[in-house]
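The structure appears right after this line, and notes come after that.
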Amino acid sequence: MKQEKSLYQDKKFQKLLQEIKEANKDPKFRKAVKEFIRLSLEPIH
Numbered sequence: 002m003k004q005e006k007s008l009y010q011d012k013k014f015q016k017l018l019q020e021i022k023e024a025n026k027d028p029k030f031r032k033a034v035k036e037f038i039r040l041s042l043e044p045i046h
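Just so we're aligned: the sequence shown equals residues 2 to 46 in our numbering.
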């Protein structure tokens with residue numbers, strides 16, 4: 002848990018989160034992320 006907390010305090014991680022939030026305004030990016038999440042949640046055959 003401590004490691005997880007320090008990740009949120011990490012400057013690079015914060016910058017990455019901000020970039021993701023910015024990119025998330027792009028509908029194409031949102032669609033790609035949804036597709037990626039869907040595929041990553043599917044069981045591998």
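Yeah, the Cβ is synthetic: ideal placement off N, Cα and C, and Gly gets one too. Predicted, not measured: the structure shown is a model, and the values here were computed from it.
- Query: In the structure shown, what three-state DSSP assignment does Lys-29 receive?
  - Reply: Lys-29: helix per DSSP, three-state reduction.
- Would you identify the three-state DSSP class for Glu-20, choosing helix, strand or coil? Note: Glu-20 maps to helix in three-state DSSP.
- Item | For Glu-36, the three-state DSSP class (helix, strand or coil) | helix
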